[in-house]
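Residue numbers (my numbering): -5 to 818.
Glycine residues also receive a C-beta, built at the ideal position from the N, C-alpha and C atoms.
Quick caveat: nothing in here was measured; it's all calculated off a predicted structure.
Contents: one structure, followed by commentary.
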Ligand code: CKZ
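Structure (structure tokens):
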């Protein structure tokens, strides 16, 4: 450590900014390819990607170092975004945009008779996340760099990210995603900042000479945490923040005792055990799974990150923590890293020798918690026996936190034991559980939801008792998306059209996009908007042709639902509508028809049977419809395999209609809805999550609202009668008949029975059939609206013009103003 300190204090030589002209870029690119990688121009295109990445990376390095040393010099307060997921996607194209090098790089690459696009698409997605929660973390990082906010991301460097989805005979097959195989030019390994993480063992109490008790955690199996840094560039602002991802390694390559005793394989096994911790991302989106390895991952992230912050703190402050809470704040992305609450207590008490009260004060002044879901099955709880085995010292601390907390509860509500049982961090029962959300709330000074409705439902429902105890902790931070990736990068054609009209400030500050409202009635502009949309639709059509061999006609309405497959997101409602349209065509009810291309995509958690059957159903329905000559161009259906960040970059610019049709009260926010809106799609949606705020922004005439509201959902549930709904709706009856008579599974008897049963079940929590009529009616309005081309284009422009609020720049400014308070 002393060496590290001296090195840090050495005055570093000034680095020269590298030239960014076409010649220099071309020269470096060629030099990297030939002299560094030892390849030439006929090589596998992956090496071209690598050479160009190194060329661009060189031009980030100086700003990266300066950003950090500037923060250090100014001694600024910092925030740490702790998340088990960062769904980054590709980096090269994004950095080129942020550096303002799009034209020069294109020209440099053209010198070698290559196209930039071909090289950029060689990059593997960094799929280190499941869906919205992970992508949100990546958008947050982008916005913090854009706003020059001193925020460090802490996450896990999974060897295998989100699985690749193949479709075989209509079924989802999961393939491992070995994304690091070819090497990753965007990461920088920092073995010098390695941390040691403890597992297992037992706790002893030592009495110090001064009589104070000290807990020591002994006989642990230790694992090394090695950080890899990834640069996060801001938009044309010379700021480069850091995302630090931890990778697990064995403490010593081999256990020498085992090795010398001839147990070679046992010796290697312990190394494997350690490395397995960061081997794979758990592919569950919104369902808790209680697996031991997952708890290990969570503790690994929390402990490594906290120790790293303590290491940096001690470089300047030694063991003086009096100012720590003024200089540092941790934002926990859902409960996944909330073991950090107990871990920071352990570090302060056991290692920094602080008293409980001092440590608790620091903890509750530095921890903040974001909740992303109300679904009961997603609320994490860990069995006490598992905790005891894996993290005995942390369990002790959690018990102590709980004991003190319950004392507070009993003082506030004397004699109300029901309240104490309800609010306890420990759930009693045959097997006890630790409720991670409650630990997070008790240990944090801020608790936020991710959209207005969601935050209200947290305070009124799920966390009601806690809200009554600490109303001041609760707040809302409506999600957003970054306009750099989701507009400027993904939709260059629309971006230049917008920039031509209102200048390019909107890229830095999306509030400016509202200026487009002035041009909504400009018919020349509208025609160009329409033409750009059409070009973008062609890109979707090419993708669908390529991957599904289905022909999408760009004159048709492009109707898209891409997101994780989940019952509450109701892909089934979409499919019922598609079957209904098919039925209308078959019975000749096609007057004033609007041609539609329906695109659905998304991954199902590997153990989520009904979600996997939904994928199979979509593919079977697509097979029937797309091969029926009577249907022709009126209706097409495609399931796009392996939906991912890079697929969304192609899909959202060309979408006309954005499907956001969750059961009201279930989708905490949604963020795909915002990407589509920004790119000029119109939404058909329920009154749920951020849809409500999108509706408020665009007005009812520019949004296709349908379905039960959250409070109505609860009332209808009491006497929900699907059979009666089917019998009283001729269209639905025909749709259900087509489904159950085997029309879409002639040679696959009974494969959709479970899906049909769940729709017909009076206990169906998602009330799919209750919203069918209202959904179909809304779709009729959509079809009609699309026939009026001028009217539709106006709606499209208006949606983009109203999307300013949904930038993560706004979200981050709110987090900063209300929670982080970083002074910039
Ligand atoms: O977070 C998005 C919101 C979505 C919400 C999503 C989310 O559904 O409406 O826009 C960003 O705020 N994801 C999760 N919870 N809410 C979630 C993700 C992963 C995992 C879990 C929940 C996961 C779990 C539980 C992964 C492995 C094991 C267990």
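- Residue range of the beta strand (DSSP E) that includes residue 165: The count along the chain shown starts at 1 and reaches residue 165 at position 171. Its beta strand (DSSP E) spans residues 165 to 169.
- Query: Does the count of Cβ pairs from the stretch 51 to 58 and the stretch 123 to 136 closer than 8 Å reach three?
  - Reply: no
- Would you kindly check if the distance between the Cβ of residue 449 and the Cβ of residue 467 is under 9 Å? Taking the chain shown and counting its residues from 1, the one referred to as residue 467 is at position 473. Taking the chain shown and counting its residues from 1, the one referred to as residue 449 is at position 455. Taking 9 Å as the Cβ cut-off, residue 467 and residue 449 do not qualify as a contacting pair.
- If you compare alpha carbons, which of 141, 14, 170 is closest to residue 98? Locating residue 98 in the chain shown gives position 104, where the first residue counts as 1. The shortest Cα separation from residue 98 among 141, 14, 170 belongs to 14.
- Message: Under 8 Å: does the beta carbon of residue 367 sit that close to some heavy atom of the ligand CKZ?
- Response: Along the chain shown, read from residue 1 onward, the residue named residue 367 stands at position 373. Indeed, a heavy atom of the ligand CKZ lies less than 8 Å from the Cβ.
- Query: What three-state label does DSSP hand residue 737 in the structure shown?
  - Reply: Numbered from its first residue, the chain shown carries residue 737 at position 743. If DSSP states are grouped into helix, strand and coil, residue 737 belongs with coil.
- Between residue 594 and residue 275, what straight-line distance do the alpha-carbon atoms span, to the nearest angstrom? In the chain shown, the residue the question calls residue 594 occupies position 600. In the chain shown, the residue the question calls residue 275 occupies position 281. Looking at the two C-alpha atoms, the distance is approximately 24 Å.
- Query: Where does the unbroken alpha helix (DSSP H) through residue 539 begin, and where does it stop?
  - Reply: Position 545 of the chain shown holds residue 539. First-last of the alpha helix (DSSP H) with residue 539: 517 to 542.
- Query: Would you report the Cα separation of residue 2 and residue 674, rounded to the nearest angstrom?
  - Reply: Position 8 of the chain shown holds residue 2. Position 680 of the chain shown holds residue 674. The predicted position of residue 2 is uncertain, since its pLDDT is 47 and thus under 50; no value can be drawn from it.
- Query: Using a threshold of 8 Å, is the CB atom of residue 330 nearer than that to any non-hydrogen atom of the ligand CKZ?
  - Reply: Here residue 330 refers to the residue found at position 336 of the chain shown. Yes, the beta carbon of residue 330 sits closer than 8 Å to at least one heavy atom of the ligand CKZ.
- Message: When you measure from the CB of residue 638 to every non-hydrogen atom of the ligand CKZ, does any distance come out below 8 Å?
- Response: Counting from one through the chain shown, the residue named residue 638 turns up at place 644. For the ligand CKZ, not one heavy atom lies less than 8 Å from the Cβ of residue 638.
- Message: At the level of alpha carbons, what is the spacing between residue 269 and residue 244?
- Response: Mapped onto the chain shown, residue 269 falls at position 275. Mapped onto the chain shown, residue 244 falls at position 250. Approximately 6 Å between the Cα atoms of the pair.
- Task: Find out if the Cβ-Cβ distance for the pair residue 636, residue 159 is shorter than 9 Å.
- Result: The residue given as residue 636 occupies position 642 in the chain shown. The residue given as residue 159 occupies position 165 in the chain shown. Cβ distance < 9 Å, so residue 636 and residue 159 count as in contact.
- Message: Within the continuous beta strand (DSSP E) that includes residue 241, where are the two ends?
- Response: For the purposes of this step, residue 241 is taken as the residue at position 247 of the chain shown. First-last of the beta strand (DSSP E) with residue 241: 234 to 244.
- Message: Output needed for residue 181: all residues of its chain with C-beta closer than 8 Å, excluding positions within five of it in sequence on either side, in chain order.
- Response: Mapped onto the chain shown, residue 181 falls at position 187. If we look at residue 181 and ignore the five residues flanking it on each side, its Cβ neighbours are 151, 222, 223, 224, 239.
- Message: If I measure Cβ to Cβ from residue 619 and keep anything under 8 Å in the same chain, skipping five residues before and after, which residues do I get?
- Response: In the chain shown, residue 619 corresponds to position 625, counting from 1. Cβ neighbours of residue 619 beyond the five flanking positions: 572, 576, 625, 629, 630, 631.
- What are the boundary residues of the beta strand (DSSP E) that residue 138 is part of? On the chain shown, residue 138 is found 144 positions in, with the first residue counted as 1. No beta strand (DSSP E) contains residue 138, which is instead part of the alpha helix (DSSP H) from 126 to 140.
- Alpha-carbon to alpha-carbon, residue 66 and residue -1: Walking along the chain shown from the start, residue -1 turns up at place 5. Walking along the chain shown from the start, residue 66 turns up at place 72. Only weak support is given to the placement of residue -1: the predicted model assigns it a pLDDT of 42, under 50, and the value that follows is read from those uncertain coordinates. About 14 Å.
- Item | Within 9 Å, strictly: CB atoms of residue 642 and residue 556 | For the purposes of this step, residue 642 is taken as the residue at position 648 of the chain shown. For the purposes of this step, residue 556 is taken as the residue at position 562 of the chain shown. Against a cut-off of 9 Å, the Cβ pair of residue 556 and residue 642 comes out as a contact.
- Closer than 8 Å: is that where the CB of residue 382 sits relative to any heavy atom of the ligand CKZ? For this step, residue 382 is matched to residue 388 along the chain shown. No; taking the cut-off as 8 Å, the Cβ of residue 382 has no heavy atom of the ligand CKZ nearer than that.
- Where does residue 822 fall in DSSP's three states? Outside the modelled stretch of the chain, which goes from -5 to 818, sits residue 822, for which no answer is possible.
- Three-state secondary structure (DSSP) of residue 681: On the chain shown, position 687 is the one that residue 681 refers to. Correct three-state label for residue 681: coil.
- Item | Alpha-carbon spacing of residue 476 relative to residue 135, whole angstroms | In the chain shown, residue 476 corresponds to position 482, counting from 1. In the chain shown, residue 135 corresponds to position 141, counting from 1. One C-alpha to the other measures close to 9 Å.
- Query: Cβ-heavy atom distance between residue 352 and the ligand CKZ below 8 Å?
  - Reply: Numbered from 1 along the chain shown, position 358 holds the residue referred to as residue 352. No, the ligand CKZ has no heavy atom inside 8 Å of this Cβ.
- Would you call the stretch 595 to 606 and the stretch 30 to 48 in contact, with 3 or more CB pairs under 8 Å? no
- Task: Starting from residue 619, trace the alpha helix (DSSP H) both ways and give me its first and last residue.
- Result: Within the chain shown, the letter at position 625 stands for residue 619. Counting along the chain, the alpha helix (DSSP H) containing residue 619 begins and ends at 603 to 620.
- Message: For residue 214, which residues in the same chain have their Cβ closer than 7 Å to its Cβ, ignoring the five residues on either side in sequence?
- Response: As a working note, residue 214 is residue 220 in the chain shown. Counting only Cβ-Cβ distances below 7 Å, and skipping sequence neighbours, we find 192, 193, 194, 195.
- State yes or no: is the C-beta of residue 702 within less than 9 Å of the C-beta of residue 765? Counting from 1 along the chain shown, the entry for residue 702 is found at position 708. Counting from 1 along the chain shown, the entry for residue 765 is found at position 771. Yes, these two residues count as a Cβ contact at 9 Å.
- Task: Identify, in the order they occur along the chain, each residue of the same chain with its Cβ nearer than 8 Å to the Cβ of residue 122, setting aside the five sequence neighbours on each side.
- Result: Stepping through the chain shown from its first residue, residue 122 is reached at position 128. Same-chain partners within the cutoff: 79, 80, 81, 82, 128, 149, 150, 151, 152, 155, 156, 239, 275.
- Query: Three-state secondary structure (DSSP) at residue 698?
  - Reply: For the purposes of this step, residue 698 is taken as the residue at position 704 of the chain shown. If DSSP states are grouped into helix, strand and coil, residue 698 belongs with the strands.
- Task: Could you spell out where the alpha helix (DSSP H) holding residue 707 opens and where it closes?
- Result: Position 713 of the chain shown, counted from the first residue, corresponds to residue 707. Residues 704 to 712.
- Message: Suppose contacts are defined by Cβ-Cβ distances below 9 Å. Is residue 417 in contact with residue 432 by that definition?
- Response: Along the chain shown, one-based indexing puts residue 417 at 423. Along the chain shown, one-based indexing puts residue 432 at 438. For residue 417 and residue 432, yes; Cβs fall inside 9 Å.
- Out of curiosity, what's the CA-to-CA distance linking residue 410 and residue 400? Numbered from 1 along the chain shown, position 416 holds the residue referred to as residue 410. Numbered from 1 along the chain shown, position 406 holds the residue referred to as residue 400. Roughly 11 Å between the two C-alpha positions.
- Give me whichever residues DSSP pairs with residue 590 in a beta bridge. Within the chain shown, residue 590 is the residue found at index 596, counting from 1. According to DSSP, residue 590 bridges with 551, 629.
- So does the stretch 581 to 599 actually touch the stretch 539 to 556, counting three or more Cβ pairs closer than 8 Å? yes
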